[in-house]
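Under numbering that gives the first Met the number 0, the first residue of the sequence shown is numbered 0, with each subsequent residue one higher. By construction, the Cβ of each residue, glycine as well, lies at the ideal position given by its N, Cα and C atoms. Note that the structure is predicted; figures quoted are calculated from it, not measured. Below: the structure, in structure tokens.
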Amino acid sequence: MRAKSGSGEPEVVRAEDLGRILRSARYRYDALHPEQEPNWRTTRGNRKPQLTFQGYLAHRCRIVDPLEIGINERRIYGLIKGTEQKYVGLWTADLVLTALGLSDKLDTEELPVLKNPRWSQERWDAYMAAAGVSMRMSAPSPTGKVT
0 MRAKSGSGEP EVVRAEDLGR ILRSARYRYD ALHPEQEPNW RTTRGNRKPQ
50 LTFQGYLAHR CRIVDPLEIG INERRIYGLI KGTEQKYVGL WTADLVLTAL
100 GLSDKLDTEE LPVLKNPRWS QERWDAYMAA AGVSMRMSAP SPTGKVT
């Protein structure tokens, strides 16, 4: 679900956790495509290098996205860094991980799905009721007990 206002999606993941997974995938991609290294010299004439990891991932996202919109390479670079924002929407995280074949990493200890901290409890409850889920997001009290 894409947000129509600036308040974001109802569920998010931490940007630094997603960035860690994407950096690992980039290292694997670079190992499989050494011609991407800036100091690589061709000995076979004028051979064009393969796509960069960001270009590859942007292309895969366009293929996987049911709306065929994809994600811009600059946005992917920001996701890989994992420091440009604190949270990433679930739609974006799911699209990127699905494009890489890593959708099983979503909602694990490595990449937990969280309630968007910018959403109020009332808005969250209305969203969950509309989604057909009668679950209240609980936060621990100052004494450590979950209400």
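Cutoff 8 Å; reference residue i; Cβ partners in own chain excluding five residues on either side
i: residue 111; result: 12, 13, 16
i: residue 113; result: 10, 11, 12, 13, 86
Beta-carbon proximity list for residue i, same chain, < 7 Å, skipping 5 on both sides
i: residue 4; result: Reliability fails at residue 4, whose pLDDT of 37 lies under 50, so the model's placement of it is uncertain and no value is given.
i: residue 80; result: 18
i: residue 64; result: 94
i: residue 54; result: 72
i: residue 0; result: Summary for residue 0: the model assigns pLDDT 45, below 50, so the residue's position carries little reliability; its value from the coordinates is reported in the next sentence. Excluding residues within five positions, the ones whose Cβ falls inside 7 Å are 8, 90.
i: residue 25; result: 52, 79
Residues bridged to residue i [DSSP beta-bridge criterion]
i: residue 13; result: 86
i: residue 114; result: 10
Of the residues the options, the one placed nearest residue i, counting alpha carbons only
i: residue 10; options: 61, 67, 69, 117; result: 117
i: residue 70; options: 57, 53, 86, 113; result: 57
i: residue 20; options: 101, 132, 131, 123; result: 101
i: residue 62; options: 83, 88, 96, 130; result: 96
i: residue 88; options: 109, 107, 115, 68; result: 115
Nonlocal neighbours in the same chain, by C-beta distance under 6 Å from residue i, ignoring five residues either side
i: residue 143; result: In this prediction, residue 143 has a pLDDT of 49, which is less than 50 and means its spatial position is unreliable; what the coordinates show is noted afterwards. Cβ neighbours of residue 143 beyond the five flanking positions: none.
i: residue 2; result: Residue confidence for residue 2 is low, a pLDDT of 43 falling below 50, so the modelled location carries little weight; the figure read from the coordinates is stated next. Answer for residue 2: 8, listed in chain order.
i: residue 83; result: 77
Integer-rounded CB distance, given that residue j should sit under 8 Å from residue i
i: residue 59; j: residue 98; result: 4 Å
i: residue 105; j: residue 125; result: 24 Å between Cβ atoms; not a contact.
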